[in-house]
Amino acid sequence: MPLPKLFNSYPKIKEIHISDRLFFHILQILALLVLAAFAALVLLIFLESIPALKKFGVSFFFNPEWDSWKEDFGALAMVWGTFISSILALLIAVPISIGVALFLNELAPVWLAKPLNFCLEMLAAIPSIVYGLWGLFVLAPIIRSPIQEFLGKYFSFLPFFKGPQYGIGMMSAAVVLAIMIIPTISSICKEVFRSIPSSHKEAVLGIGATKWEMLKTAVLTGGRAGIIGACIMGLGRALGETMAVTMVIGNKPSLSLSLFEPAQTMASILANQYAEADSALHLSSLTAVALALFIISLIVNSSSFILVWNTQKKFSRG
Amino acid sequence: MKYTLLLLLFIPFAFSADKPSLINGAGATFPYILYSKWFSEYSKVDTTVKINYRSIGSGGGIRQLIKGTLDFGASDVPMKEYEIKKSKKPIVHIPTTLSAVVLTYNLENITQPLHLTSAVIAQIFDGRIKKWNDPQLTALNKNIELPAQDIIVVYRADGSGTTAVFTEYLAKTQEDWKVGYGKSVNWPVGIGGKGNEGVLGLVQKTPGAFAYMGMGYAMNQKLPTAHVKNQAGHFIEPTMSSVQESAKDVGPRQSYIESIVNSKREKAYPISSFSYLLVYKEMEESIGHVIINFIQWALSDGQKFSEPLYYVPLPENVITQAKSAVKNIQLKNASS
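The structure is reproduced here in structure tokens:
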């Protein structure tokens, strides 16, 4: 795909007045600074994590143990916890977010859409520590007492519902994460839906489709790539979320299948242990976890950008 | 107009004649509340001094002190051998305050304090004792009706001196303790809260919870605390005086750098520890005398601020030792 050429339609730089050239170069330096900061960050994380990667090799990523007393470190439990909590969060958040976006864009009357939009934006603005406290003090007791009590009683033969009634754990983390990523996903979905030309919708309605059929064919199908991109963007946010998850996930590196067992994510082990890590190997292993998280987030976020960008381009070309 | 703005920039330099000494410190989070009280009180005693303290954790404080980017550090545990060796300049430990790790729980309708031994505590924390009405627990608490509830173990998820002191106590008293000891260990059971606040929240919200935490937090929140059997065989309530008692053996023979966990004294609470300031043994005159003056003040007048903030003041014998350590700090001229 050809990238847009920035200066194609402008005169050559030499022909521009000196002050404009100066301005151009200053801005260019500022823009390059972002790149330099990015490169410095990657380099530092990589250098710091070399001792751990040397010691444990690739098996670092397949070892479920994390024991700073025995100096045996592996990232598997954290990678597992990060992915499971984020994917569970997506399962909860995606249907809600798409529904919200459809309703706000296509169905809601203006007097309702405006305050709803406002509320949605407010959800995104709440600091994550507040979500964490809410999860700890409000959500966890609810999950413990009616939800886990019920599921544990009637479905305890399934491995997903086993374990003592902690309240906090994978389930609490997933619900908190879901609420946190709903604004992200639904606002991107709204953008995607808005980029679908109304001529498409009118065409579908024109051949006698109902409103639901119009939404299904013109909006949802047309914006599919964009919706997937929005979900991946939400996933990216969920993967890196630290404070709220740390407060409700139980912070125990383990590979349990149960939704009610405590787990550990990559971001939360960094938040927990970096400040007080004593040994060089412990510190380096933590940095290696950071490196893994960084690479995963990079892949996830860039793929979502490409998907969303493609959808918008598709329709802007007409 | 342009130039007045430029002049404004120079105003700070104009007043540098009686420059306030700016001291930079960083380290332990546990004594942060007491230290910030001290720094603000001390700035009233000596108005030319400004002490800047960042509570980044004991480990971070030690790392930065070794690198030489701080004037003083602070730690809840004494520096390890290899850390002392890594530092180019020799470092002195000064005890500043005492604390204890208490065991707290969330059990409905139980008003009498639980009695515990280190053997039972260890077995709960490594998952061998799972229910509150375990025979070993009921044998220790004959007059308490313990429920047939699961014990929900709550631990500190972040690295902390509290965990270090608690696990040191279990490792010291129980030969079959396999979890190890240190600022963060791999707990086989339970859930982790971040910080004393996180543990506090979990204990208050989880029926059947059992946790260790810094004494100040438990006292502040009026949580029930277990009485723990000490080496002399008595069940001791964690109080200001029982924690102080465990530090009373410190003297010419026993250094305050040695652990005071599992004290032999009759009335001592067994899970106690010091918090230390870490300073270089040789300091530049200009900064050194400010730090020494502050430490002298903290060891005398400063101690009275401990109790209202739920820290335990040092007993006389420790203060004597600490003051003689301060005397050994050498000051040298910057020019030499």
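Protein chains in written order, with the numbering used here: chain C, 1 to 318; chain X, 1001 to 1336. A virtual CB, placed ideally from N, CA and C, is assigned to each residue, including glycine.
Within-8 angstroms CB hit, residue i to chain X
{"i": "C:K20", "result": "The residue you asked about is not Lys; residue 20 of chain C is Asp in the sequence shown. Chain X contact via Cβ: absent."}
{"i": "C:T82", "result": "no"}
{"i": "C:G167", "result": "yes"}
{"i": "C:M1", "result": "The predicted model places C:M1 with a pLDDT of 46, which falls under 50 and marks its position as unreliable, so this point remains unresolved."}
{"i": "C:S59", "result": "no"}
{"i": "C:W309", "result": "no"}
{"i": "C:P141", "result": "yes"}
{"i": "C:N272", "result": "yes"}
Residue i in three-state terms, based on DSSP
{"i": "C:N310", "result": "helix"}
{"i": "C:V176", "result": "helix"}
{"i": "X:P1095", "result": "strand"}
{"i": "X:P1012", "result": "Note that X:P1012 scores a pLDDT of 49, beneath 50, so its modelled location is shaky and nothing firm can be said."}
{"i": "X:S1246", "result": "coil"}
{"i": "C:W69", "result": "coil"}
{"i": "X:G1025", "result": "strand"}
{"i": "C:A52", "result": "helix"}
{"i": "X:G1214", "result": "strand"}
{"i": "C:H200", "result": "helix"}
{"i": "X:Q1321", "result": "helix"}
{"i": "X:E1266", "result": "coil"}
{"i": "X:Y1310", "result": "coil"}
{"i": "X:A1100", "result": "strand"}
{"i": "X:K1229", "result": "strand"}
{"i": "X:V1274", "result": "Before going on, a small fix: residue 1274 of chain X reads as Phe here, not Val. DSSP places X:F1274 in strand when its eight states are reduced to three."}
{"i": "C:H282", "result": "helix"}
{"i": "C:L116", "result": "helix"}
{"i": "X:K1332", "result": "strand"}
{"i": "X:V1279", "result": "strand"}
7 angstroms Cβ shell around residue i - same chain, five flanking residues per side excluded
{"i": "X:P1238", "result": "A1100, V1102, M1215, T1225 and Y1269"}
{"i": "C:I98", "result": "C189 and I227"}
{"i": "X:T1173", "result": "S1118 and N1262"}
{"i": "X:E1307", "result": "M1240 and P1313"}
{"i": "X:P1078", "result": "H1093, I1257 and Y1276"}
{"i": "C:A101", "result": "S186, C189, K190 and F193"}
Nearest neighbour of residue i, chosen from the options [CA to CA]
{"i": "X:G1060", "options": "C:L205, C:V219, C:Y166 and C:L283", "result": "C:L283"}
{"i": "C:L257", "options": "C:G132, C:I142 and C:I84", "result": "C:I84"}
{"i": "X:D1105", "options": "X:T1097, X:L1098, X:H1115 and X:T1096", "result": "First, the amino acid is wrong: residue 1105 of chain X is Tyr here, not Asp. When only C-alpha atoms are compared, the closest one is X:H1115."}
{"i": "C:G240", "options": "C:L116, C:L120 and C:M180", "result": "C:M180"}
{"i": "C:A225", "options": "C:S198, C:F193, C:L255 and C:R237", "result": "C:F193"}
{"i": "C:F294", "options": "C:M266, C:A277, C:G206 and C:S304", "result": "C:M266"}
{"i": "C:Y166", "options": "C:A178, C:E149 and C:S68", "result": "C:E149"}
{"i": "X:I1360", "options": "X:T1048, X:A1028, X:G1190 and X:V1250", "result": "Residue coverage of chain X in this structure runs from 1001 to 1336, which leaves residue 1360 of chain X outside it and unanswerable."}
{"i": "C:E92", "options": "C:P115, C:V176, C:G229 and C:A108", "result": "Looking at the sequence itself, residue 92 of chain C is Ile, so the reference to Glu does not match. Cα-wise, what sits closest to C:I92 is C:V176."}
{"i": "X:E1083", "options": "X:I1062, X:N1196 and X:M1213", "result": "X:I1062"}
{"i": "X:G1195", "options": "C:W66, C:N63 and C:I269", "result": "C:I269"}
{"i": "X:Y1035", "options": "X:A1209, X:T1096 and X:W1177", "result": "X:T1096"}
Sequence-distant residues of the same chain with beta carbon closer than 8 angstroms to residue i, five excluded per side
{"i": "C:F61", "result": "G74, A75, L76, V79 and A292"}
{"i": "X:I1236", "result": "H1227, V1228, K1229, N1230, S1242, K1267, A1268, Y1269 and P1270"}
{"i": "C:W212", "result": "none"}
{"i": "X:S1273", "result": "D1076, V1077, L1098, S1099, A1100, V1101, G1161, V1165, S1259, I1260 and V1261"}
Neighbourhood of residue i by C-beta distance below 6 angstroms, restricted to the same chain and skipping five residues each side
{"i": "X:W1038", "result": "A1298 and G1302"}
{"i": "X:L1065", "result": "G1073 and L1278"}
{"i": "X:P1090", "result": "K1281"}
{"i": "X:E1245", "result": "R1265, K1267 and A1268"}
{"i": "X:Y1155", "result": "W1187, G1190 and G1192"}
{"i": "X:S1087", "result": "I1066"}
{"i": "C:G222", "result": "I196"}
{"i": "X:I1051", "result": "I1023 and F1039"}
Chain C within 8 angstroms of residue i, Cβ atoms only
{"i": "X:K1205", "result": "yes"}
{"i": "X:I1056", "result": "yes"}
{"i": "X:A1157", "result": "yes"}
{"i": "X:A1017", "result": "Annotation note: pLDDT 44 at X:A1017 (below 50); position unreliable, no value reported."}
{"i": "X:L1202", "result": "yes"}
{"i": "X:S1160", "result": "yes"}
{"i": "X:I1124", "result": "no"}
{"i": "X:K1194", "result": "yes"}
{"i": "X:I1152", "result": "yes"}
{"i": "X:I1329", "result": "no"}
{"i": "X:G1302", "result": "no"}
{"i": "X:I1121", "result": "no"}
{"i": "X:I1191", "result": "yes"}
Cβ-heavy atom distance, residue i to the ligand SAH, below 7 angstroms
{"i": "X:S1306", "result": "Absent from the structure shown: the ligand SAH. Ligands present: none."}
Problem - Against chain D: residues of the region 1170-1187 of chain X by CB proximity under 8 angstroms - result: In the displayed structure, chain D is absent; the protein chains listed are C and X.
Handout entry: Unbroken stretches of the beta strand (DSSP E), 3 residues or longer, contained in the region 1117-1194 of chain X
Key = 1152-1156 and 1191-1193
Practice task
List in chain order: all unbroken alpha helix (DSSP H) runs of 4+ residues lying wholly within the region 1021-1087 of chain X.
Solution key: 1032-1045, 1058-1067 and 1081-1086
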